[in-house]
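Student: Can you read through this structure? Questions will come right after.
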Amino acid sequence: MDDLYRDYILDHYKQPRNFGELEPHDLEAHDHNPLCGDEMGVHIRVRDGKIADLRFHGQGCAISQAAASIASEEYVGMPVDDVGQLDADWVIDLLGIPISATRRKCALLNLKVMRGATTGDASWPE
Amino acid sequence: MATSATTPRLHVRSDFPIFAREIDGRPLIYLDSAATSQKPAAVIEAMDDYYRRHNANIHRGVYTLAQEATDLFEGARERVAAFTGAETATTIFTRNATEAINLVAYAWGRANVGPGDVVLITQMEHHSNIVPWQLLCQGTGAELRYLDVSDEGTLSLDQLDAELAGGRVKLAAFAHISNVLGTINPVAEMASRVRAAGALSLVDASQAVPQIPVDVAAVGADFYVWTGHKALGPTGIGVLHGRRDVLEAMPPFLGGGDMIRVVDWQESTWNDLPWKFEAGTSMIAEAVGLGAAVDYLGELGMENVRAHERALAAYALERLADVGGVRVIGPPDPDERGGVISFELEGVHPHDVAELINRQNVCVRAGHHCAMPLMRRLGVPATARASLGPYNDASDVDALVEALVNAKKVFA
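Just so you know, the sequences run in chain order A and B. Just so we're aligned, residue 54 is where the first sequence starts under our numbering, counting upward by one. Just so we're aligned, residue 4 is where the second sequence starts under our numbering, counting upward by one.
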């Protein structure tokens, strides 16, 4: 089995969870990775301060799409205020694959978009 | 396998020291020459020799070393100009092609473009031939207009005529060879039509100079720009060939040493061409390296380089069709394209293609290739791109194909 493109990564890439549009939604953001042109947006529905539902959309490589899909399952139910506390290691640990420096931004794009939607801070997660 | 009609004719890999390098015990399969070329030993040694034996600042010192450095620098300019069929005095060294275009957009553009004027470019331009014009148009109130790219990756001369007939075009800028599509544009014909309409033309030849024989005088554009590092030379040096009367009428770009004749308290007068546009200490070692690069290409013969890469591109197009699920973007006829092959592999994002085939040391580029508007036009987020140099041969194409077959299996 491939070290990077493990079965569950490919599964999330080919059948991404929580993917599409969500109308109506309370929060949204859209961003891209200027290095490769990957783009990603998110629609978030909030209830009682928590993420009740969300949908990612856009297009990108297997790593960026699988990362968004895997992380989406963690975001649902999370207090909106907690998203800003998440860091790069959180996403990379969640993915469970060795992410090289050149693919780091692919993995982090979903968190960048989530933080943009919930905190307005659209900088790359550290 | 390669047929006799498509057999590449150059065997020069051993001239390039980097190919002695192995990564994880495997040879390097370098297919990213459109991003930057590898360098022959002759270029590396010329720069090394310059620093070891001749280093001094140019155009000033009267001592022997300074004279040698000046002769090496100006000698390189003469050979670069001869190589491209240009005049020495109108061959200006810049940092790269991007700086050359910015020089024109700033120095010529701000003096000659105003509200209501049009700067005409094409949808296939590299960002370096888009953004300087956006800045110019935003600063002057001019309009930036685009020639379309067809589904086959070509431009329309009829559309060029229609744009020129509007009477507002002051300058048209276009690539000689597209860095994404590989399309070889009819630049001499385009420049001639632009001139007949009373406008100026700029050709971005960054991909053309390393790939095909070029003749700046025959193209007849007002500005013809390229970069050294894609043409087997070092980074940090580019070339602007300009029409003499246009360059003479233009104000300078950067101010500083070397570009002046007399500096008074409040104003200065300008040096002759080409130095009027070369402020500050020049990239001397890089010019020496570029001189060695054009000497090397001249010895190979650009007709031979073109024939070699044309045959190899034809072979690559043929082999890529065997992979299954590969869609090549750009002109299908090898006579109408250079050695730049952008493609998509069905079901696999270009970034993943590049990652997977890198495991077999196959180096290709994935992304938007600094041509985001073109990606939008083509309706693709990104492509993978294999691009050829004189050091490539059929075995590199075979390695690419094998690596793509393996990549497909991972995503199957």
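We put the CB at the ideal spot given by N, CA and C, even for glycine.
On the DSSP bridge list, what partners appear for V122 (chain B)?
Tutor: BP columns for V122 (chain B) point to B:L147 and B:L174.
Student: Please determine whether the Cβ atom of F72 (chain A) lies at a distance below 7 Å from any heavy atom of the ligand ATP.
Tutor: As presented, the structure is devoid of all ligands, the ligand ATP included, so that no description of it is given.
Student: Kindly say whether Q112 (chain A), judged by its beta-carbon, lies nearer than 8 Å to any beta-carbon of chain B.
Tutor: Yes - at least one Cβ of chain B is within 8 Å of the one on Q112 (chain A).
Student: Who are the near neighbours of K173 (chain B) in its chain, counting only those whose CB is closer than 8 Å to its CB and skipping five residues on each side?
Tutor: Contacts found: N115, V116, D120, V121, V122, A145, A202 and L203.
Student: Considering only DSSP beta bridges, list what E25 (chain B) is partnered with.
Tutor: Looking at the DSSP assignment, E25 (chain B) forms a beta bridge with B:P30.
Student: Whose Cβ in chain A lies nearer than 7 Å to the Cβ of H129 (chain B)?
Tutor: Result: empty, since nearest Cβ-Cβ is about 14 Å, beyond 7 Å.
Student: Report the residues of the stretch 55-70 of chain A with a CB closer than 9 Å to any CB of chain B, ordered along the chain.
Tutor: So the close ones are D55, L57, Y58, L63, Y66 and K67.
Student: Spatial neighbours of A92 (chain B) within its chain, please: C-beta separation below 8 Å, excluding the five flanking residues on both sides.
Tutor: Excluding residues within five positions, the ones whose Cβ falls inside 8 Å are R247, D275, L276 and P277.
Student: Are I116 (chain A) and L107 (chain A) closer than 8 Å when you measure CB to CB?
Tutor: Cβ atoms of I116 (chain A) and L107 (chain A): not closer than 8 Å.
Student: Relative to the alpha-carbon of V188 (chain B), which residue among B:R171, B:I215 and B:G170 has its alpha-carbon at the smallest distance?
Tutor: Here residue 188 (chain B) is Asn; the residue named in the question, Val, does not match the sequence. Ranking the options by Cα distance to N188 (chain B), first place goes to B:I215.
Student: List the residues that DSSP assigns as beta-bridge partners of E394 (chain B).
Tutor: For the sequence presented, residue 394 (chain B) should be read as Tyr rather than Glu. Note: Y394 (chain B) sits in no beta bridge, so no partner.
Student: L88 (chain A) versus chain B: which residues are under 7 Å apart at the beta carbon?
Tutor: Here the neighbours are G370.
Student: Taking the alpha helix (DSSP H) that Y66 (chain A) falls in, what are its first and last residues?
Tutor: Here the alpha helix (DSSP H) through Y66 (chain A) covers D60 to K67.
Student: Might you give, ordered along the chain, the residues of its own chain that have their beta carbon closer than 7 Å to the beta carbon of K165 (chain A), omitting 5 neighbours on each side?
Tutor: Excluding residues within five positions, the ones whose Cβ falls inside 7 Å are D84, A175, W177 and P178.
Student: Which bits of chain B does R157 (chain A) rub up against, with CB to CB less than 9 Å?
Tutor: Going along chain B, no residue has its Cβ under 9 Å from R157 (chain A), so there is no contact; the nearest lies around 12 Å.
Student: Consider the Cβ of F346 (chain B): report whether some Cβ of chain A lies at a distance smaller than 8 Å.
Tutor: No, no contact with chain A.
Student: Kindly indicate which three-state DSSP category C114 (chain A) falls into: helix, strand or coil?
Tutor: C114 (chain A) falls in the coil class under three-state DSSP.
Student: Please list the partners that D355 (chain B) has in chain A, where partner means a Cβ-to-Cβ separation under 8 Å.
Tutor: Near D355 (chain B) (Cβ distances below 8 Å), the residues of chain A are Y58, C114, A115 and I116.
Student: Considering only residues of the same chain and omitting the five flanking positions on each side of H354 (chain B), which have a CB-CB separation below 6 Å?
Tutor: Here the set comprises A369.
Student: Which two residues bound the contiguous alpha helix (DSSP H) that contains F86 (chain B)?
Tutor: From DSSP, the alpha helix (DSSP H) with F86 (chain B) extends over T67 to T87.
Student: In the DSSP assignment, find the unbroken alpha helix (DSSP H) run with D267 (chain B) in it and report its ends.
Tutor: It is not in any alpha helix (DSSP H) - D267 (chain B) carries neither H nor E in the DSSP assignment.
Student: Distance cutoff 8 Å, beta carbons only. Does E306 (chain B) sit that close to anything in chain C?
Tutor: Considering every chain present, this structure includes no chain C. Its protein chains are A and B.
Student: How far does the beta strand (DSSP E) with G370 (chain B) in it reach, from first residue to last?
Tutor: Per DSSP, G370 (chain B) belongs to the beta strand (DSSP E) from R368 to G370.
Student: Looking only at C-alpha atoms, which of B:A69, B:L300 and B:D325 sits nearest to R82 (chain B)?
Tutor: Measuring from the Cα of R82 (chain B), the nearest candidate turns out to be B:L300.
Student: Identify whether T157 (chain B) lies in helix, strand or coil by the three-state DSSP scheme.
Tutor: T157 (chain B) falls in the coil class under three-state DSSP.
Student: What residue range is occupied by the uninterrupted beta strand (DSSP E) comprising S131 (chain B)?
Tutor: First-last for S131 (chain B): undefined, no H or E at that position.
Student: Decide if G102 (chain A) is buried, meaning its Cβ has at least 16 other Cβ atoms within 10 Å, or exposed.
Tutor: Under this definition G102 (chain A) is an exposed residue.
Student: In angstroms with no decimal places, state the Cα-to-Cα distance between A5 (chain B) and R388 (chain B).
Tutor: At A5 (chain B) the pLDDT is 45, less than 50, meaning the model places this residue with poor confidence and gives no usable figure here.
Student: Nearest-angstrom Cα distance between N86 (chain A) and R156 (chain A)?
Tutor: Approximately 11 Å, taken between the alpha carbons.
Student: Buried or exposed: H14 (chain B), going by 16 or more other Cβ atoms within 10 Å of its Cβ?
Tutor: Exposed: under 16 other Cβ atoms inside 10 Å.
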